[in-house]
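In this note's numbering, the protein residues as written are 31 to 179.
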Amino acid sequence: MSTGASDHVMTNFNECLDQLGRWIIQWKIEVNSDKCQSVYFTRRRSTPDPPKPYRHPIHWKTETKYLGVTLDKELTYKTHVNEVRGKVTTLNKKLYYAMGKNSKLSLINKLLLYKTLIRPIMSYASPVCGAVAKTHINKLETCQNKIAR
(Lines of atoms letter the chains of each structure in order from A and count residues from 1; the text may use other names and numbers.)
(Lines give C-alpha, C1' and ligand atoms only; values in the text may rest on other atoms or scores of the structure.)
Protein backbone atom coordinates (compact mmCIF):
# COMPACT_ATOMS: atom_id res chain seq x y z
CA MET A 1 0.00 0.00 0.00
CA SER A 2 1.43 3.38 -0.95
CA THR A 3 1.68 6.29 1.46
CA GLY A 4 -1.20 8.08 -0.22
CA ALA A 5 -3.35 4.97 0.13
CA SER A 6 -2.70 4.75 3.86
CA ASP A 7 -3.71 8.40 4.25
CA HIS A 8 -6.90 7.67 2.32
CA VAL A 9 -7.60 4.67 4.55
CA MET A 10 -7.11 6.78 7.69
CA THR A 11 -9.43 9.50 6.33
CA ASN A 12 -12.16 6.92 5.71
CA PHE A 13 -11.50 5.33 9.09
CA ASN A 14 -11.87 8.66 10.89
CA GLU A 15 -15.13 9.32 9.01
CA CYS A 16 -16.42 5.93 10.18
CA LEU A 17 -15.36 6.77 13.73
CA ASP A 18 -17.34 10.02 13.49
CA GLN A 19 -20.42 8.06 12.37
CA LEU A 20 -19.88 5.61 15.20
CA GLY A 21 -19.55 8.52 17.62
CA ARG A 22 -22.89 9.97 16.50
CA TRP A 23 -24.53 6.54 16.89
CA ILE A 24 -23.04 6.14 20.37
CA ILE A 25 -24.36 9.55 21.40
CA GLN A 26 -27.78 8.78 19.91
CA TRP A 27 -28.06 5.57 21.93
CA LYS A 28 -26.50 7.15 25.04
CA ILE A 29 -23.64 4.71 25.27
CA GLU A 30 -20.50 5.79 27.07
CA VAL A 31 -17.11 4.75 25.73
CA ASN A 32 -13.87 5.38 27.56
CA SER A 33 -11.39 6.35 24.85
CA ASP A 34 -8.55 6.07 27.39
CA LYS A 35 -9.06 2.30 27.39
CA CYS A 36 -9.01 2.05 23.60
CA GLN A 37 -5.92 0.85 21.77
CA SER A 38 -4.92 1.19 18.16
CA VAL A 39 -2.20 -0.70 16.34
CA TYR A 40 -1.16 0.06 12.79
CA PHE A 41 0.01 -3.25 11.36
CA THR A 42 2.88 -2.50 9.02
CA ARG A 43 6.58 -3.06 8.54
CA ARG A 44 7.14 0.59 7.76
CA ARG A 45 8.67 2.88 10.32
CA SER A 46 6.33 5.78 9.73
CA THR A 47 2.69 5.65 10.72
CA PRO A 48 -0.14 8.00 9.78
CA ASP A 49 -1.84 10.29 12.25
CA PRO A 50 -3.68 8.37 14.98
CA PRO A 51 -7.46 7.81 14.79
CA LYS A 52 -9.54 10.44 16.57
CA PRO A 53 -12.89 9.35 17.95
CA TYR A 54 -14.60 12.28 19.71
CA ARG A 55 -11.69 14.37 18.42
CA HIS A 56 -9.39 12.76 21.02
CA PRO A 57 -6.50 10.87 19.42
CA ILE A 58 -5.88 7.24 20.33
CA HIS A 59 -2.11 6.97 20.11
CA TRP A 60 -0.53 4.09 18.24
CA LYS A 61 0.71 1.16 20.30
CA THR A 62 3.41 -1.26 19.20
CA GLU A 63 1.48 -4.28 20.43
CA THR A 64 -1.87 -5.29 21.86
CA LYS A 65 -3.37 -8.38 23.40
CA TYR A 66 -6.47 -9.86 21.77
CA LEU A 67 -8.05 -13.06 23.11
CA GLY A 68 -4.81 -13.98 24.85
CA VAL A 69 -2.64 -13.54 21.75
CA THR A 70 -0.18 -10.67 21.73
CA LEU A 71 -0.16 -9.00 18.32
CA ASP A 72 2.79 -6.77 17.50
CA LYS A 73 2.71 -4.16 14.77
CA GLU A 74 4.72 -6.31 12.35
CA LEU A 75 2.71 -9.48 13.13
CA THR A 76 5.85 -11.47 13.93
CA TYR A 77 4.30 -12.90 17.15
CA LYS A 78 7.72 -12.67 18.83
CA THR A 79 6.24 -11.23 22.03
CA HIS A 80 3.53 -13.88 22.11
CA VAL A 81 6.07 -16.70 21.69
CA ASN A 82 8.23 -15.24 24.47
CA GLU A 83 5.21 -14.98 26.79
CA VAL A 84 4.24 -18.60 26.09
CA ARG A 85 7.82 -19.72 26.70
CA GLY A 86 7.87 -17.82 29.98
CA LYS A 87 4.60 -19.37 31.16
CA VAL A 88 5.70 -22.89 30.22
CA THR A 89 9.14 -22.47 31.80
CA THR A 90 7.62 -21.17 35.03
CA LEU A 91 5.13 -24.03 35.14
CA ASN A 92 7.86 -26.56 34.39
CA LYS A 93 9.93 -25.23 37.30
CA LYS A 94 6.95 -25.51 39.62
CA LEU A 95 6.28 -29.07 38.51
CA TYR A 96 9.92 -30.18 38.52
CA TYR A 97 9.61 -32.29 41.65
CA ALA A 98 6.53 -34.01 40.25
CA MET A 99 7.81 -34.47 36.69
CA GLY A 100 11.61 -34.48 37.08
CA LYS A 101 13.98 -37.40 36.58
CA ASN A 102 13.96 -38.37 40.26
CA SER A 103 10.19 -38.24 40.57
CA LYS A 104 8.42 -41.39 41.69
CA LEU A 105 5.41 -40.61 39.49
CA SER A 106 4.77 -43.08 36.72
CA LEU A 107 5.37 -42.03 33.13
CA ILE A 108 1.61 -42.18 32.48
CA ASN A 109 0.94 -39.69 35.28
CA LYS A 110 3.73 -37.40 34.09
CA LEU A 111 2.24 -37.49 30.62
CA LEU A 112 -1.17 -36.71 32.07
CA LEU A 113 0.27 -33.69 33.91
CA TYR A 114 1.89 -32.50 30.68
CA LYS A 115 -1.30 -32.92 28.65
CA THR A 116 -3.53 -31.17 31.18
CA LEU A 117 -1.28 -28.32 32.33
CA ILE A 118 1.41 -27.53 29.78
CA ARG A 119 0.10 -28.54 26.38
CA PRO A 120 -2.98 -26.26 26.54
CA ILE A 121 -0.71 -23.26 27.10
CA MET A 122 1.45 -24.19 24.13
CA SER A 123 -1.38 -25.11 21.81
CA TYR A 124 -3.63 -22.12 22.54
CA ALA A 125 -3.94 -20.10 19.33
CA SER A 126 -1.80 -22.66 17.52
CA PRO A 127 -3.26 -21.75 14.09
CA VAL A 128 -1.34 -18.50 14.51
CA CYS A 129 1.87 -20.53 14.45
CA GLY A 130 1.47 -20.92 10.70
CA ALA A 131 2.57 -17.30 10.38
CA VAL A 132 5.34 -17.51 12.98
CA ALA A 133 8.96 -17.49 11.83
CA LYS A 134 10.92 -20.72 12.10
CA THR A 135 13.23 -19.22 14.75
CA HIS A 136 10.26 -18.57 17.05
CA ILE A 137 8.88 -22.07 16.48
CA ASN A 138 12.33 -23.45 17.34
CA LYS A 139 12.18 -21.59 20.67
CA LEU A 140 8.87 -23.29 21.49
CA GLU A 141 10.18 -26.68 20.40
CA THR A 142 13.30 -26.23 22.55
CA CYS A 143 11.10 -25.47 25.53
CA GLN A 144 8.98 -28.53 24.79
CA ASN A 145 12.05 -30.77 24.44
CA LYS A 146 13.35 -29.66 27.85
CA ILE A 147 10.08 -30.79 29.39
CA ALA A 148 10.19 -34.12 27.54
CA ARG A 149 13.58 -34.98 29.04
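For each residue, glycine too, the CB sits at the ideal point set by N, CA and C.
TODO: Would you mind reading off the limits of the alpha helix (DSSP H) that contains K123?
DONE: 108 to 124
TODO: With DSSP as the reference, label K65 as helix, strand or coil.
DONE: helix
Open item on the list: Within a Cβ cutoff of 7 Å, which residues of the same chain sit near V158, ignoring the five residues on either side of it in sequence?
Closed with: V99, Y107
Task: Cβ contact check for the stretch 116 to 128 and the stretch 90 to 97: 3 or more pairs under 8 Å - done: no
- [ ] Name, in chain order, the residues that DSSP records as bridge partners for T94.
- [x] L101
Task: Spatial distance of V111 from S156 (CA atoms) - done: 11 Å
Task: For H86 and S68, believed in contact at Cβ under 8 Å, the rounded distance - done: The pair is not a contact, with the Cβ atoms about 12 Å apart (cut-off 8 Å).
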